[in-house]
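Just so we're aligned, residue 132 is where the sequence shown starts under the numbering used here, counting upward by one.
Ideal Cβ placement from N, Cα and C applies to all residues, glycine included.
Notes to accompany the following structure.
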Amino acid sequence: MGNSGLGYWDVVVLIGYLLGLSGIGAFFSRRQRSPEEYFLAGRRMPWFIVGISLAATLISTATYVSVPGEMIRYGIGFFSALLAYLLVIPVVTRVVIPTLTRLRLRSVYEYLEQRYDGSVRSLGAFAFILSRLVWTGLILYTASFAVSTMTGISVVAIILVIGVVTIFYTMLGGLRAVIWTDALQFAIMIGGVLAIPLVVWIRTQTGPDIWWRIFSQAGRTHVEVFSFDPTVRVTIGGMWLAIFFWNLCTYGADQIAVQRYLSTPTTEAACRSLWISTLGTIVLIGLLMFCGVALFAFSYMRSGTSLIAFQAEIAREADRVFPRFIVQELPEGISGLLMAAVLAAAMSSLSSGINAIAQVIVTDGLERFGQRAPSGSGVKRERTLAGIVGMFGIGIALVLATAVRTTGWNLVELMERVNHLLVGPLGVLVFGGLLFSRVGRAAASIGFVLALTTSLVVSFGKEFLGLSRSLSFMWIIPGSFLVGLLGAFALSFLFPPPDRTRLIGLTLPERQGEPTIREARS
Numbered sequence: 132m133g134n135s136g137l138g139y140w141d142v143v144v145l146i147g148y149l150l151g152l153s154g155i156g157a158f159f160s161r162r163q164r165s166p167e168e169y170f171l172a173g174r175r176m177p178w179f180i181v182g183i184s185l186a187a188t189l190i191s192t193a194t195y196v197s198v199p200g201e202m203i204r205y206g207i208g209f210f211s212a213l214l215a216y217l218l219v220i221p222v223v224t225r226v227v228i229p230t231l232t233r234l235r236l237r238s239v240y241e242y243l244e245q246r247y248d249g250s251v252r253s254l255g256a257f258a259f260i261l262s263r264l265v266w267t268g269l270i271l272y273t274a275s276f277a278v279s280t281m282t283g284i285s286v287v288a289i290i291l292v293i294g295v296v297t298i299f300y301t302m303l304g305g306l307r308a309v310i311w312t313d314a315l316q317f318a319i320m321i322g323g324v325l326a327i328p329l330v331v332w333i334r335t336q337t338g339p340d341i342w343w344r345i346f347s348q349a350g351r352t353h354v355e356v357f358s359f360d361p362t363v364r365v366t367i368g369g370m371w372l373a374i375f376f377w378n379l380c381t382y383g384a385d386q387i388a389v390q391r392y393l394s395t396p397t398t399e400a401a402c403r404s405l406w407i408s409t410l411g412t413i414v415l416i417g418l419l420m421f422c423g424v425a426l427f428a429f430s431y432m433r434s435g436t437s438l439i440a441f442q443a444e445i446a447r448e449a450d451r452v453f454p455r456f457i458v459q460e461l462p463e464g465i466s467g468l469l470m471a472a473v474l475a476a477a478m479s480s481l482s483s484g485i486n487a488i489a490q491v492i493v494t495d496g497l498e499r500f501g502q503r504a505p506s507g508s509g510v511k512r513e514r515t516l517a518g519i520v521g522m523f524g525i526g527i528a529l530v531l532a533t534a535v536r537t538t539g540w541n542l543v544e545l546m547e548r549v550n551h552l553l554v555g556p557l558g559v560l561v562f563g564g565l566l567f568s569r570v571g572r573a574a575a576s577i578g579f580v581l582a583l584t585t586s587l588v589v590s591f592g593k594e595f596l597g598l599s600r601s602l603s604f605m606w607i608i609p610g611s612f613l614v615g616l617l618g619a620f621a622l623s624f625l626f627p628p629p630d631r632t633r634l635i636g637l638t639l640p641e642r643q644g645e646p647t648i649r650e651a652r653s
């Protein structure tokens with residue numbers, strides 16, 4: 132493909148991809164006759180497709196593009212903790228999913244009102260909407276910037292095209308269209324990432340054994356196991372904690388994940404969907420890391436320099452290696468597939484965010500306060516809200532694009548840090564209610580504030596506290612969640628405990644003695 136930007140077959144692949152997504156949305160639009168169908172797909176979705184959808188949603192463009200660069204620059208630190216994803220499954224399948232599916236909820240934040248009161252529900256819903264709105268704009272901008280770098284097309288133009296197409300199929304087809312397009316996009320992401328090592332193998336006539344030897348000789352396989360210095364960027368122990376608590380809070384307290392569980396017909400199906408999502412995530416991220424190893428070796432063999440000199444050069448260029456390889460090394464058409472994969476990583480997340488935010492606005496906002504849709508109106512209100520949410524996402528992305536161009540600030544890094552501020556606090560509200568029957572409204576709310584404060588200190592301690600070095604990103608979510616959860620539990624002894632008769636079926640202690648899923652089916 133060289134440096135020519137988009138070739139003819141690249142354009143064909145990208146247009147076909149965008150038309151295919153629009154067609155799926157139009158196809159499923161005929162089934163959308165009620166809010167339950169629009170937001171939960173009638174609770175009849177197959178667990179395997181739901182799991183693939185959730186994996187595609189939570190792997191954003193930032194992850195898809197940055198993981199190879201992370202491997203090239205810093206080595207296997209992230210890879211060493213990949214199996215930490217599995218540790219979350221027993222907690223979520225035994226504590227979260229059975230409670231929420233048995234209650235037949237539409238939103239995880241409905242649980243907060245039943246467990247605490249309406250004010251905590253409002254707090255959780257507002258925090259989710261704010262966090263995910265920022266997330267949608269960030270995803271849209273990062274994907275557009277990546278594709279613009281590869282093609283030379285204006286960032287603003289790409290934002291508008293991606294945003295409008297995603298809004299179109301999400302508005303028309305509801306969650307059912309979102310889930311099926313996610314499955315298609317996951318397949319494209321897998322296909323795209325498999326093309327990289329294949330082309331490296333063809334171009335260099337070397338295989339994984341040689342690539343790994345070069346990677347190891349460069350010192351990229353050595354990672355510190357643990358450090359008591361919180362400013363050390365990556366350790367194996369720290370990454371295990373970061374991955375575990377991020378997944379715990381996301382799979383257990385984020386409406387994007389909970390919405391998927393509630394779209395399946397049974398508790399067991401919801402649990403299976405989590406297994407599929409986790410395994411799919413491990414496979415895709417593992418392949419992206421393998422791409423990083425292949426690209427490191429490819430770049431070294433092409434450099435013609437010593438390994439020491441090459442390491443200094445590649446450290447500066449690490450984040451550009453993946454997109455540059457797509458543009459300069461892949462055959463026409465295959466490079467279009469990789470660009471479609473980058474877009475797929477963004478659009479799957481964007482469509483899921485739009486639908487979930489719109490559902491929370493309806494379920495935890497409008498309908499909670501008596502604003503029911505007029506009889507016979509179908510899903511006009513829901514579609515309108517989805518469109519408005521999508522336009523907000525486009526607006527945030529455009530503001531980011533303008534600010535980066537005019538100020539030169541690294542606003543993407545800033546917003547990534549901001550975007551993780553509320554993950555731990557939301558987890559505190561949900562798991563404080565599920566695990567501790569003593570925790571009431573006051574203790575949970577204070578725990579939320581403690582968690583948010585901890586997130587701010589870890590994320591911006593250098594700026595706020597004058598620290599000489601920034602604290603590692605690894606500690607944002609583990610620190611905020613543990614401080615908030617343990618703080619809420621300790622503070623619960625300062626307040627009268629909730630009425631235990633109201634907690635039946637809502638907390639783990641009150642659920643002891645219930646039949647297991649397998650026993651209930653027999």
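Cα-Cα separation between residue i and residue j, rounded to whole angstroms
| i | j | result |
| --- | --- | --- |
| Leu243 | Gly564 | 8 Å |
| Arg447 | Ile203 | 10 Å |
| Thr409 | Tyr382 | 10 Å |
| Ala504 | Met302 | 17 Å |
| Phe523 | Ile387 | 18 Å |
| Leu419 | Gly509 | 42 Å |
| Phe376 | Val227 | 14 Å |
| Val143 | Leu150 | 10 Å |
| Ile607 | Ile525 | 27 Å |
| Ser434 | Phe441 | 7 Å |
| Leu581 | Leu231 | 26 Å |
| Ile207 | Glu355 | 10 Å |
| Val661 | Arg246 | The chain is shown only over 132 to 653; residue 661 falls outside these bounds and no answer can be derived. |
| Pro646 | Pro229 | Caution is warranted here: a pLDDT of 46 is assigned to Pro646, below 50, making its placement in the model unreliable, and the coordinate value is therefore given only provisionally. For Pro646 and Pro229, the distance between alpha carbons rounds to 11 Å. |
| Leu261 | Val223 | 24 Å |
| Val493 | Val278 | 34 Å |
| Ile310 | Ile298 | 14 Å |
Contact check, residue i vs residue j, beta carbons under 9 Å
| i | j | result |
| --- | --- | --- |
| Gly615 | Pro556 | yes |
| Ser394 | Leu531 | no |
| Trp422 | Val324 | The displayed chain sequence assigns Cys, not Trp, to residue 422. Closer than 9 Å, so yes. |
| Ile345 | Phe427 | yes |
| Tyr272 | Val286 | yes |
| His551 | Ser601 | no |
| Leu264 | Gly484 | yes |
| Thr194 | Ile527 | no |
| Leu379 | Val520 | no |
| Thr632 | Ser568 | no |
| Ser153 | Ile270 | no |
| Ile367 | Ser211 | yes |
| Pro396 | Ser603 | no |
| Thr335 | Phe257 | no |
Buried versus exposed call for residue i [16 or more other C-beta atoms within 10 Å across all chains shown]
| i | result |
| --- | --- |
| Ser250 | exposed |
| Pro199 | buried |
| Val549 | buried |
| Ile290 | buried |
| Tyr148 | buried |
| Ile146 | exposed |
| Arg252 | buried |
| Gly644 | Bear in mind that a pLDDT of 49 at Gly644, under 50, signals an unreliable position, so the number given afterwards is only what the model happens to contain. Counting Cβ neighbours within 10 Å, Gly644 comes out exposed, since fewer than 16 surround it. |
| Tyr392 | buried |
| Ala651 | Low confidence applies to Ala651: its pLDDT is 41, below 50, so where it sits in the model is not reliable, and the reading given next is rough at best. Classification for Ala651: exposed. |
| Gly597 | exposed |
For residue j and residue i, believed in contact at Cβ under 8 Å, the rounded distance
| i | j | result |
| --- | --- | --- |
| Thr188 | Ser480 | 5 Å |
| Met281 | Met478 | Not quite, the Cβ-Cβ distance comes to about 16 Å (not below 8 Å), so this is no contact. |
| Gly304 | Ile155 | 6 Å |
| Val330 | Val239 | The pair is not a contact, with the Cβ atoms about 43 Å apart (cut-off 8 Å). |
| Val561 | Ala384 | 4 Å |
| Trp332 | Val424 | Not confirmed; about 12 Å, so no contact. |
| Val196 | Val473 | 6 Å |
| Asp495 | Glu241 | 7 Å |
| Glu463 | Tyr139 | 7 Å |
_Contact between the region 477-491 and the region 500-520 (3+ Cβ pairs under 8 Å)_ = Three or more pairs of CB atoms, one per stretch, sit closer than 8 Å, so the region 477-491 contacts the region 500-520.
*Are there three or more Cβ pairs, one per stretch, closer than 8 Å when the region 181-195 is compared with the region 305-320?*
Touching, yes, given that three or more Cβ pairs across the two stretches are closer than 8 Å.
*Can at least three beta-carbon pairs, one atom from the region 158-174 and one from the region 454-463, be found at a separation below 8 Å?*
The region 158-174 vs the region 454-463: no contact.
*Segment contact, 8 Å Cβ cut-off, at least three pairs: the region 564-582 with the region 616-628*: Of all C-beta pairs linking the region 564-582 to the region 616-628, three or more are shorter than 8 Å, placing the two stretches in contact.
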